[in-house]
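Colleague: I am attaching a structure below and will ask some questions about it afterwards.
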Amino acid sequence: MENIQSKESGEAKRSFLRRPPKGSKRDSFVRFFKKNGAGFIFALPVTLGLLFFTAYPLLASLYYSFFESYTVIRPPEGFSLTYNLLRMFSDQEWIKAITNTGIYTLISVPMFMIFSFALALLLNIRIKGIGIYRMLIYMPCVMSAVVSGIAWRSLIDVDYGWFNRALRMLNMQPYPFLSEASTSMQTLIFVGLWSLGGPMVLWLSQLKNISAELYEAADLDGASRFRKLITITIPMCSPMIFYNLIMNIIATLQTFAAVTTLTGGTAGVENSLLFYVTKIYSSYETCITTGSMGYTCAMAWFLFVVIAILTGIIFKTSKWVFYGGD
Amino acid sequence: MDSQAILMRRRVRAKKILSHSVAHLVLIVLSLLFLIPIFYMVVTSFMGEVESGQGNFFPTEWHFENYVTALDEKFLIFFKNSVIVVGCNVIFIPLAATFTAFAFVRCKFVGQNVLFAIILSTMMIPSIVCQIPMFVIYVRIGWYNTLTPLIVPAILGGGAGNIFLARQYMRTISGSLDEAATIDGANRFDVFFRIYFPLCKPIIIYMMITTFTGVWNDITTPLLYLNNESQYTLALGIYNLFKGAPVPGKFPNVRMATGMYMLVPCAIVFFIFQRQLIDGVQMGAVKG
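Protein chains in written order, with my numbering: chain A, 999 to 1324; chain B, 43 to 330.
If you want it as structure tokens, here you go:
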């Protein structure tokens, strides 16, 4: 029965699609425009935007990165495929910047994901006033990098900051925070803990989407809380884990505003908080006088390639992501 | 038997009360910890100079005049610039994003899927890669040190993330509205501006809020393209005012008051639109 019906509709479709008698070239152009025109018009702004603000600068940046000297005012000079690449690997600051950024990404991405997930689990319980707790914990995320930079620089002041005053009151050694190279990175991560509210909200929205039936079934089987977390909650959240992992890695490798506002525009003691993008910025600020525009672009492209490779690897190994039944 | 059951029930209830109070305790402590930076700002902004420098936990005298001191001439200029940039972005980004989304949801054209894939993949490009050559162009066409570079890119497309959100939302609106209106003789623009754009209101509000906070707080773009104090936005102005060596300036009281001016608009927006923000996060939650 079904078969016959589908056959009939297929035939109807075919006769509908049968080409109308061939017209002139102009006719086919009119037809093409009638079919596509509206879409083209609505897609025009974004296409222009992509061409002017993404495609052109992306290619221009690649082009400049092959020149030894470029000062914006004069045309680039000294084409060389490897000059800027070799310069990067012999630049101590660049090595420091990429090490710092790598270490920070390796530690902070998994750590913040796990902490914010734990926080979301905690805030997912049914209890009176949970909405207020959620709001309060989210509150610091309302502070922008600039504002939190202002607040935190005073809060972690070695002599007069609240944290060290509290430590002294408890008869403990004051913590050096940003005043020593060895504790700077830890301080940055510590301050970052206050912005866990943002990812927490994302996790919460995902936790809400998990159907209660799954948990009820597990309860009937007498599963423990931990077992339910491992076998239901985490697999059901895996698309969000996947999405957050990629987005966090891309964003963390580009860390700039959070660190530069905390250090007040410096790279920290002994460059302990020199990040990759900070390095690009500082070389960009001086590139007109030093003619190192090509080098700056090369560093930026290197970052792009690294991000593209990492994203590719994560996508390739994304078999663990569970996309539900539909 | 009966008494035992009652005892059981009582025990269960006691256990529940205990676990709830432990949860409350943990949550209260956590909330207080998370509020430290904001509490510090509020309290310090009312202190006298010396007191704030010493890092007292509470003001002995309340100095409300810090908030007047913070509003100097420069601040007002920065504020005006921020209002212009934020205003333009808040208006144009949602408009541009829904406009573009309409092309992908209610239109058909050659290369549609390819274009959409390209738009999504631009999210992967670090913004710094494109910003440097753009700087060269802006210098050449005279946009450097003007607010234009902070506004024009937004009008063209509205950003990959917003386009994606708008498309997700628009797909949930029934296509029969479009068909009915078209039969009645409406052209594509009527269909978009009169039907789909108003129906996208929830996601438009979400985009306006996120754009507001994002642009209001943005520091990287202004840092690149603005080098003249009279053009600074509030975020950049405040950042430059207080940057320098790691040792903060002498008196944090006015600094915190200035920061409060930066913080309060975002906090107000957050409190008013909490519901919409959470709904928006859920709409954007990826499903594959």
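Don't be surprised by glycine CBs; every beta carbon is placed ideally from N, CA and C.
Starting from the C-beta of residue 1078 of chain A, find all residues in its chain whose C-beta is less than 8 Å away, skip the five residues before and the five after it, and write them out in chain order.
Modeller: The sequence position of residue 1078 of chain A within the first sequence is 80, counting from 1. The answer, listed in chain order, is 1064, 1065 and 1066.
Colleague: Touching or not, the stretch 1082–1101 of chain A and the stretch 1312–1321 of chain A, by the rule of three or more beta carbon pairs under 8 Å?
Modeller: The answer is no - the stretch 1312–1321 of chain A does not touch the stretch 1082–1101 of chain A, with fewer than three Cβ pairs under 8 Å.
Colleague: Alpha carbons only, please: which of B/124, B/281 and B/177 is nearest the one belonging to residue 253 of chain B?
Modeller: The count along the second sequence starts at 1 and reaches residue 253 of chain B at position 211. For residue 253 of chain B, the nearest C-alpha among the options comes from B/124.
Colleague: In three-state DSSP terms, what is residue 103 of chain B?
Modeller: The residue given as residue 103 of chain B occupies position 61 in the second sequence. Of the three classes helix, strand and coil, the one that applies to residue 103 of chain B here is coil, per DSSP.
Colleague: Can you check the stretch 1243–1272 of chain A for any alpha helix (DSSP H) of at least 4 residues that lies completely inside it and give the ranges in chain order?
Modeller: The qualifying runs are 1255–1261.
Colleague: In the DSSP assignment, what are the bridge partners of residue 1075 of chain A?
Modeller: For the purposes of this step, residue 1075 of chain A is identified with residue 77 of the first sequence, where counting begins at 1. Answer by DSSP bridge pairing, in chain order: A/1067.
Colleague: Taking its Cβ as the centre, do 16 or more other Cβ atoms sit within 10 Å of residue 282 of chain B, making it buried, or is it exposed?
Modeller: Locating residue 282 of chain B in the second sequence gives position 240, where the first residue counts as 1. Flag for residue 282 of chain B reads buried.
Colleague: Go to residue 1299 of chain A, then tell me how far its alpha helix (DSSP H) extends in each direction, as first and last residue.
Modeller: For this step, residue 1299 of chain A is matched to residue 301 along the first sequence. Its alpha helix (DSSP H) spans residues 1291–1314.
Colleague: Give every residue of the same chain whose Cβ lies closer than 6 Å to the Cβ of residue 1266 of chain A, excluding the five residues on either side of it in the sequence, and list them in chain order.
Modeller: On the first sequence, position 268 is the one that residue 1266 of chain A refers to. Answer for residue 1266 of chain A: 1182, listed in chain order.
Colleague: Throw me the rounded Cβ distance for the residue 1239 of chain A and residue 1106 of chain A pair, which I believe falls under 8 Å.
Modeller: Here residue 1239 of chain A corresponds to residue number 241 of the first sequence, with the count starting at 1. Here residue 1106 of chain A corresponds to residue number 108 of the first sequence, with the count starting at 1. Not confirmed; about 16 Å, so no contact.
Colleague: Between the stretch 1247–1265 of chain A and chain B, which residues of the former have a C-beta closer than 7 Å to a C-beta of the latter?
Modeller: Taking 7 Å as the Cβ-Cβ cut-off against chain B, the residues of the stretch 1247–1265 of chain A that qualify are 1248, 1252, 1254, 1255, 1259, 1261, 1262, 1263 and 1264.
Colleague: Under 9 Å Cβ-Cβ, which residues of chain A neighbour residue 308 of chain B?
Modeller: The residue given as residue 308 of chain B occupies position 266 in the second sequence. 1140, 1141, 1142 and 1145, listed in chain order.
Colleague: CA-CA distance, residue 1259 of chain A and residue 1212 of chain A?
Modeller: Translated into the one-based positions of the first sequence, residue 1259 of chain A becomes position 261. Translated into the one-based positions of the first sequence, residue 1212 of chain A becomes position 214. Distance between the alpha carbons of residue 1259 of chain A and residue 1212 of chain A is about 45 Å.
Colleague: Assign residue 1325 of chain A to one of three DSSP states: helix, strand, or coil.
Modeller: No information on residue 1325 of chain A is available, as it lies outside the stretch 999 to 1324 that chain A covers here.
Colleague: Taking the alpha carbon of residue 87 of chain B as the reference point, which residue from B/311, B/325, B/178 and B/303 has its own alpha carbon closest?
Modeller: On the second sequence, position 45 is the one that residue 87 of chain B refers to. When only C-alpha atoms are compared, the closest one is B/303.
Colleague: Between residue 82 of chain B and chain A, is the shortest Cβ-Cβ distance under 8 Å, so that the two count as touching?
Modeller: For the purposes of this step, residue 82 of chain B is taken as residue 40 along the second sequence, with counting starting at 1. Interface residue, yes.
Colleague: To be precise: take each residue of the stretch 53–84 of chain B, compare its Cβ to all Cβ atoms of chain A, and keep it if any distance is under 9 Å. Which residues remain?
Modeller: Those would be 62, 65, 66, 68, 69, 70, 72, 73, 74, 75, 76, 77, 78, 79, 80, 82 and 83, in chain order.
Colleague: Consult DSSP for residue 299 of chain B and reduce its assignment to one of helix, strand or coil.
Modeller: Within the second sequence, numbered from 1, the residue matching residue 299 of chain B stands at position 257. It is helical.
Colleague: Does any residue of chain A have a CB that is nearer than 8 Å to the CB of residue 157 of chain B?
Modeller: The residue labelled residue 157 of chain B in the question sits at position 115 within the second sequence. So, interface residue.
Colleague: Give a yes or no on contact between the stretch 248–265 of chain B and the stretch 222–232 of chain B, applying the rule of three or more CB pairs nearer than 8 Å.
Modeller: No, the stretch 248–265 of chain B does not touch the stretch 222–232 of chain B.
Colleague: Do you know offhand how far residue 291 of chain B's Cα is from residue 284 of chain B's?
Modeller: Numbered from 1 along the second sequence, position 249 holds the residue referred to as residue 291 of chain B. Numbered from 1 along the second sequence, position 242 holds the residue referred to as residue 284 of chain B. Note on residue 291 of chain B: pLDDT 48, under 50, position unreliable in the model; no value is reported.
Colleague: Distance check for residue 57 of chain B and residue 46 of chain B, CA to CA, integer angstroms please.
Modeller: Reading the second sequence from its first residue, position 4 is the one you call residue 46 of chain B. Reading the second sequence from its first residue, position 15 is the one you call residue 57 of chain B. In a straight line, the C-alpha of residue 46 of chain B is about 16 Å away from that of residue 57 of chain B.
Colleague: Please work out which residues of its chain come closer than 6 Å, Cβ to Cβ, to residue 219 of chain B, disregarding the five sequence neighbours upstream and downstream, and give them in chain order.
Modeller: Counting from 1 along the second sequence, the entry for residue 219 of chain B is found at position 177. Within the same chain, residue 219 of chain B has close Cβ partners 237.
Colleague: Can you check which of these residues, B/310, B/150 and B/313, is closest to residue 1039 of chain A by C-alpha distance?
Modeller: As a position in the first sequence, residue 1039 of chain A is number 41, starting the count at 1. Taking only the C-alpha atoms, the option nearest residue 1039 of chain A is B/150.
Colleague: Got a sec, what are the start and stop residues for the alpha helix (DSSP H) residue 1136 of chain A sits in?
Modeller: To locate residue 1136 of chain A, count along the first sequence from 1; it is residue 138. 1128–1136 is the span of the alpha helix (DSSP H), which, as asked, contains residue 1136 of chain A.
Colleague: Answer with buried or exposed for residue 1090 of chain A, where buried requires no fewer than 16 other C-beta atoms within 10 angstroms of its C-beta.
Modeller: Stepping through the first sequence from its first residue, residue 1090 of chain A is reached at position 92. Burial call: exposed.
Colleague: Using CA coordinates, which residue listed in A/1082, A/1200 and A/1125 is at the minimum distance from residue 61 of chain B?
Modeller: Translated into the one-based positions of the second sequence, residue 61 of chain B becomes position 19. Out of A/1082, A/1200 and A/1125, A/1125 has the C-alpha closest to the C-alpha of residue 61 of chain B.
Colleague: Throw me the rounded Cβ distance for the residue 1139 of chain A and residue 1196 of chain A pair, which I believe falls under 8 Å.
Modeller: Position 141 of the first sequence, counted from the start, is the residue given in the question as residue 1139 of chain A. Position 198 of the first sequence, counted from the start, is the residue given in the question as residue 1196 of chain A. That belief holds up - the Cβ atoms of residue 1139 of chain A and residue 1196 of chain A are roughly 5 Å apart, short of 8 Å.
Colleague: Are the CB atoms of residue 1173 of chain A and residue 96 of chain B nearer to each other than 8 Å?
Modeller: Residue 1173 of chain A sits at position 175 when you count from the first residue of the first sequence. Residue 96 of chain B sits at position 54 when you count from the first residue of the second sequence. No, the pair does not count as a contact, with Cβ atoms beyond the cut-off.
Colleague: How would you label residue 234 of chain B, buried or exposed, when you count the other beta carbons within 10 angstroms and need 16 or more for buried?
Modeller: Counting from 1 along the second sequence, the entry for residue 234 of chain B is found at position 192. Residue 234 of chain B comes out buried.
Colleague: In the structure shown, what three-state DSSP assignment does residue 999 of chain A receive?
Modeller: Reading the first sequence from its first residue, position 1 is the one you call residue 999 of chain A. Note that residue 999 of chain A scores 38 on pLDDT, short of 50, meaning its location in the model is unreliable and no value can be drawn from it.
Colleague: I'd like to know whether the C-beta of residue 1150 of chain A is nearer than 8 Å to at least one C-beta of chain B.
Modeller: Taking the first residue of the first sequence as position 1, residue 1150 of chain A is located at position 152. Interface residue, yes.
Colleague: From which residue to which residue does the alpha helix (DSSP H) around residue 159 of chain B run?
Modeller: Locating residue 159 of chain B in the second sequence gives position 117, where the first residue counts as 1. Residues 154–163.
Colleague: Could you check whether the stretch 197–207 of chain B touches the stretch 140–155 of chain B, counting it as contact only if at least three pairs of C-beta atoms, one from each stretch, sit closer than 8 Å?
Modeller: At 8 Å Cβ cutoff, the stretches touch.
Colleague: Quick check on this structure: which residue in A/1261, A/1116 and A/1108 has the alpha carbon closest to the alpha carbon of residue 1178 of chain A?
Modeller: For this step, residue 1178 of chain A is matched to residue 180 along the first sequence. The shortest C-alpha separation from residue 1178 of chain A is found at A/1261.
Colleague: So residue 276 of chain B packs on residue 121 of chain B, CB below 8 Å; how close in whole Å?
Modeller: For this step, residue 276 of chain B is matched to residue 234 along the second sequence. For this step, residue 121 of chain B is matched to residue 79 along the second sequence. About 6 Å; that satisfies the 8 Å criterion.
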